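Chemist: First residue of the sequence shown? That's 1 in the numbering used here, and the numbers climb one at a time after it. Idealized CB from N, CA, C, for every residue including glycine. Predicted, not measured: the structure shown is a model, and the values here were computed from it. Right, I'll just put the structure down here and ask away after.
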Amino acid sequence: MRHGDLINLDQCCQILDISRATLTSYRKKYEVSSFKIKQTVFIPKLELLNKIYTIITPLPPKVALMMDGADDFEQIKIDATTYDLRRLDIVDGHGAISLLSHLLSEIRSGSYLHLIIGRDNSFLKAMNLFGELKRHHNSNIFWDEEIFNSIPIVPYSNLIKLPITRVGVVGGQNRFVDDLSIQLSRQGYSIDVCSYIGWAIGELADNSATHAKTHPCFIYFEQFGDDQKYLQLTIGDTGIGIPESLAQNSRYSDLSTEQALLNAFRPYVSGRCDEEKRGKGLADVLQIAMECGSRMRVESNGIGYSYTFDSGIDRFQKISPLYRGNGTIISLLFIDGLFGDLTRDDV
Numbered sequence: 001m002r003h004g005d006l007i008n009l010d011q012c013c014q015i016l017d018i019s020r021a022t023l024t025s026y027r028k029k030y031e032v033s034s035f036k037i038k039q040t041v042f043i044p045k046l047e048l049l050n051k052i053y054t055i056i057t058p059l060p061p062k063v064a065l066m067m068d069g070a071d072d073f074e075q076i077k078i079d080a081t082t083y084d085l086r087r088l089d090i091v092d093g094h095g096a097i098s099l100l101s102h103l104l105s106e107i108r109s110g111s112y113l114h115l116i117i118g119r120d121n122s123f124l125k126a127m128n129l130f131g132e133l134k135r136h137h138n139s140n141i142f143w144d145e146e147i148f149n150s151i152p153i154v155p156y157s158n159l160i161k162l163p164i165t166r167v168g169v170v171g172g173q174n175r176f177v178d179d180l181s182i183q184l185s186r187q188g189y190s191i192d193v194c195s196y197i198g199w200a201i202g203e204l205a206d207n208s209a210t211h212a213k214t215h216p217c218f219i220y221f222e223q224f225g226d227d228q229k230y231l232q233l234t235i236g237d238t239g240i241g242i243p244e245s246l247a248q249n250s251r252y253s254d255l256s257t258e259q260a261l262l263n264a265f266r267p268y269v270s271g272r273c274d275e276e277k278r279g280k281g282l283a284d285v286l287q288i289a290m291e292c293g294s295r296m297r298v299e300s301n302g303i304g305y306s307y308t309f310d311s312g313i314d315r316f317q318k319i320s321p322l323y324r325g326n327g328t329i330i331s332l333l334f335i336d337g338l339f340g341d342l343t344r345d346d347v
């Protein structure tokens, strides 16, 4: 048991909002372990959460983490290092990668994180959120393995869902794009549709892998809807972020964070000073969103914007980002009925 996974009695009382006497009673009733280190009693935090907190604390209203109308992570946060994922109700790709990025950034700050999970978190398991958390941070993140192993794997319907995939190098997204193109083709989508969605993935993933430095990016894609099918793509990373990347070019170093994020979507705007023909990737992605009648959400370094091109009137607004740390998260929502006869050459 690591010291980082242990908390003293005062910290236990603070989390549970109870007195020392009541804590003593609960420790005996629920058989909670304790350890004495230099005359101070410590309790495993994860054990406290699962044996006492989940029993005596009513579950508050659930939270939806989504591209449209996202709630804040504070809604599922218990204290500085604890998150109650049982509070999550609906999570789309944007919400899942935002949550993953948030937790990874917390871990990198040196924190030991504790997650309270339940059987209703099967959608997070299917999305591979837990797999990516554990992949490189086994010693920093904790949840009840017995509960985790009991969470059912929800079988996918005939709709497309590609779980969160890590991309660590430029071009690493190619396998993901190939798998997606096959599934889109099976659903009856044209080669052109597959082409421009793959094109958007390639531009965003390469941009992320180039500027996120040592931090990987994560991709998620899903198809949903009944009468009208929606295709949502999300790519995110916890790198330096678009504004910081652009500031490395002296031409843009005086821009505010807001101005930098907006300017990054103009053609030939790049953080690299010596390569005039760079900087088309984000502009191309914005053009794809416009031509396809899509919705796009962009968040980077605590700033967020949404673009809506599917209503007949183009709308653009500043939004409160779901993930506020360093890095970038971009989501595109393609609407099947608006594809028309668009070709990649048209875009």
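Tell whether a beta-carbon distance below 9 angstroms holds between PHE309 and ILE197.
Modeler: To locate residue 309, count along the sequence shown from 1; it is residue 309. To locate residue 197, count along the sequence shown from 1; it is residue 197. Contact: no.
Chemist: Report the residue from TRP199, GLY172 and GLY225 whose alpha carbon sits nearest the alpha carbon of THR210.
Modeler: Here residue 210 refers to the residue found at position 210 of the sequence shown. Checked all of TRP199, GLY172 and GLY225; the closest Cα to THR210 is GLY172.
Chemist: What does DSSP give as the partner residue(s) for LEU115 in the beta ladder?
Modeler: Looking up residue 115 in the sequence shown gives position 115. Partner(s): TYR83.
Chemist: I need the DSSP call for ALA64, collapsed to helix, strand or coil.
Modeler: On the sequence shown, position 64 is the one that residue 64 refers to. Here ALA64 sits in strand by DSSP.
Chemist: Can you check which of these residues, GLN187, ALA247 and LEU233, is closest to TRP199 by C-alpha distance?
Modeler: Here residue 199 refers to the residue found at position 199 when the sequence shown is read from its first residue. When only C-alpha atoms are compared, the closest one is LEU233.
Chemist: Based on Cα-Cα distance, which residue from LYS45, ILE329, ARG20 and LEU65 lies nearest to PRO216?
Modeler: Along the sequence shown, read from residue 1 onward, the residue named residue 216 stands at position 216. The option with the nearest alpha carbon to PRO216 is ILE329.
Chemist: Going by DSSP, which residues form a beta bridge with ILE37?
Modeler: Walking along the sequence shown from the start, residue 37 turns up at place 37. THR40, per the DSSP bridge assignment.
Chemist: Count the other CB atoms, across all protein chains shown, that sit within 10 Å of the CB of ARG266; report buried if there are 16 or more and exposed otherwise.
Modeler: What you label residue 266 is simply residue 266 of the sequence shown in a count that begins at 1. When all chains shown are included, ARG266 counts as exposed.
Chemist: Taking ILE55 as the reference, give the member of GLN75, TYR26, ASP72 and ALA70 with the closest Cα.
Modeler: In the sequence shown, the residue the question calls residue 55 occupies position 55. Selected option, being the one with the closest Cα: TYR26.
Chemist: For the alpha helix (DSSP H) containing CYS12, list its first residue and its last residue.
Modeler: Looking up residue 12 in the sequence shown gives position 12. Segment 9 to 16, the alpha helix (DSSP H) holding CYS12.
Chemist: Going by DSSP, what residues sit across from TYR189 in a beta bridge?
Modeler: If you number the sequence shown from 1, residue 189 lands on position 189. Answer by DSSP bridge pairing: none, since TYR189 is not bridged.
Chemist: What span of residues does the alpha helix (DSSP H) with LEU46 cover, start to end?
Modeler: Along the sequence shown, read from residue 1 onward, the residue named residue 46 stands at position 46. First-last of the alpha helix (DSSP H) with LEU46: 45 to 48.
Chemist: Which residue comes first and which comes last in the beta strand (DSSP E) that contains TYR307?
Modeler: Translated into positions along the sequence shown, residue 307 becomes position 307. Where TYR307 is concerned, the enclosing beta strand (DSSP E) stretches over 303 to 308.
Chemist: Report the three-state DSSP secondary structure of SER181 (helix, strand or coil).
Modeler: Counted from its first residue, the sequence shown places residue 181 at position 181. In the structure shown, SER181 sits in a helix (DSSP, three-state: H, G or I).
Chemist: Strictly by DSSP, which residues pair up with GLY236?
Modeler: Residue 236 sits at position 236 when you count from the first residue of the sequence shown. According to DSSP, which records beta bridges pairwise, GLY236 is partnered with PHE218 and ILE329.
Chemist: In chain order, which continuous runs of the alpha helix (DSSP H) of length 4 or greater are located wholly inside the region 114 to 143?
Modeler: You should have 122 to 126 and 129 to 136.
Chemist: With contact counted as at least three CB pairs below 8 angstroms, one residue from each stretch, are the region 58 to 67 and the region 81 to 92 in contact?
Modeler: Judged by Cβ distances under 8 angstroms, the region 58 to 67 makes contact with the region 81 to 92, as three or more pairs qualify.
Chemist: Quick one: measure Cβ to Cβ for ILE164 and ALA70, integer angstroms, because I've assumed they're closer than 8 angstroms.
Modeler: The count along the sequence shown starts at 1 and reaches residue 164 at position 164. The count along the sequence shown starts at 1 and reaches residue 70 at position 70. Wrong, their Cβ atoms sit about 17 angstroms apart, outside the cutoff.
Chemist: Does the separation of the CB atoms of ILE201 and ILE235 fall below 9 angstroms?
Modeler: In the sequence shown, residue 201 corresponds to position 201, counting from 1. In the sequence shown, residue 235 corresponds to position 235, counting from 1. Yes, the Cβ-Cβ distance between ILE201 and ILE235 is below 9 angstroms.
Chemist: Give the single residue among PRO44, ILE117 and GLU132 whose Cα lies nearest to the Cα of LYS77.
Modeler: Taking the sequence shown and counting its residues from 1, one reaches residue 77 at position 77. Comparing Cα positions, the closest option is ILE117.
Chemist: If contacts are defined as beta-carbon pairs under 8 angstroms, then ASN326 and THR238 qualify, I think. What distance do you get, rounded to the angstrom?
Modeler: Sequence index remark: in the sequence shown, residue 326 carries index 326 (1-based). Sequence index remark: in the sequence shown, residue 238 carries index 238 (1-based). Indeed they touch by this definition, with Cβ atoms about 6 angstroms apart.
Chemist: May I have the straight-line CA-CA distance separating VAL32 from GLU106, to the nearest angstrom?
Modeler: Taking the first residue of the sequence shown as 1, we reach residue 32 at position 32. Taking the first residue of the sequence shown as 1, we reach residue 106 at position 106. In a straight line, the C-alpha of VAL32 is about 27 angstroms away from that of GLU106.
Chemist: Could you tell me which residues DSSP puts in a beta bridge with ILE319?
Modeler: Position 319 of the sequence shown, counted from the first residue, corresponds to residue 319. According to DSSP, ILE319 bridges with GLY304.
Chemist: In three-state DSSP terms, what is PHE224?
Modeler: Position 224 of the sequence shown, counting from 1, holds the residue named residue 224. Strand, per DSSP.
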